[in-house]
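Sequential numbering of the sequence shown, starting at 24, is according to my numbering.
A virtual CB, placed ideally from N, CA and C, is assigned to each residue, including glycine.
Here the structure is laid out as structure tokens; the discussion comes afterwards.
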Amino acid sequence: MSNIVEQTESIVLPICENNKVELVDVEYVKEGQAFFLRVYVDTPEGIDIDQCADVAEELSLKLDELDYISDEYILEVSSPGAERPLKTKDAILQSIGSYVNVRTYQAIEGKKEYEGYLTSFNDDIITVEIMIKTRKKSVEIPYDKVAKIRLAIKF
């Protein structure tokens, strides 16, 4: 399945550039009996349905032409939403000051998940300011230990 994701990323990147949108993520998943190819796109100003439709139309034509996915699938092109994943180092840098959720491959200071404000990203170290009861604490997380980092909504 990751091969399908990689192939789709290489196909959709130039389509995104032509449409002046950023590729955020590609997923190929099975839900119930159906396969879904999901492509998430965005712009700094936010994305509208027409931009998603333009990318979907171009991508659909290219996918039909190349025909590398043997299963029947449903193509979805949409915004990544409020809790978008931060897939690149640039995306992390652009999100400094934002509230994030970070999951790690192994425990750091006894935990594998942190939520707080992203305060810095230097020398492959992500620093997140978390709250412990009423005190703020900074946690340093090596980039290579991060399983997933995404924007989060603070409640």
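Member of the options whose CA lies at the smallest distance from the CA of residue i
| i | options | result |
| --- | --- | --- |
| residue 130 | 114, 168 and 156 | 168 |
| residue 40 | 75, 124, 92 and 53 | 75 |
| residue 66 | 107, 51 and 87 | 107 |
| residue 116 | 96, 125 and 143 | 143 |
| residue 44 | 78, 61, 109 and 50 | 78 |
| residue 112 | 46, 42, 55 and 147 | 147 |
| residue 55 | 96, 165, 177 and 152 | 96 |
| residue 121 | 151, 162 and 33 | 151 |
| residue 53 | 134, 32, 127 and 94 | 94 |
| residue 25 | 92, 157, 119 and 160 | 92 |
| residue 82 | 61, 70, 69 and 68 | 61 |
| residue 180 | 175, 33, 70 and 160 | Not covered by the structure: residue 180. The range shown for the chain is 24 to 178. |
For residue i: DSSP bridge partner residues
| i | result |
| --- | --- |
| residue 27 | Note: residue 27 sits in no beta bridge, so no partner. |
| residue 53 | 58 |
| residue 139 | 123 |
| residue 134 | 131 |
| residue 64 | 46 |
Straight-line gap, residue i to residue j (C-alpha atoms, nearest Å)
| i | j | result |
| --- | --- | --- |
| residue 173 | residue 88 | 34 Å |
| residue 35 | residue 155 | 42 Å |
| residue 30 | residue 72 | 24 Å |
| residue 48 | residue 104 | 12 Å |
| residue 38 | residue 58 | 22 Å |
| residue 171 | residue 109 | 8 Å |
| residue 158 | residue 70 | 37 Å |
Residue i, buried or exposed, once every other Cβ within 10 Å from all chains shown has been counted against 16
| i | result |
| --- | --- |
| residue 63 | buried |
| residue 166 | exposed |
| residue 84 | exposed |
Segment contact, 8 Å Cβ cut-off, at least three pairs: the region 99-107 with the region 129-141: Contact between the region 99-107 and the region 129-141 is absent, because fewer than three Cβ pairs lie under 8 Å.
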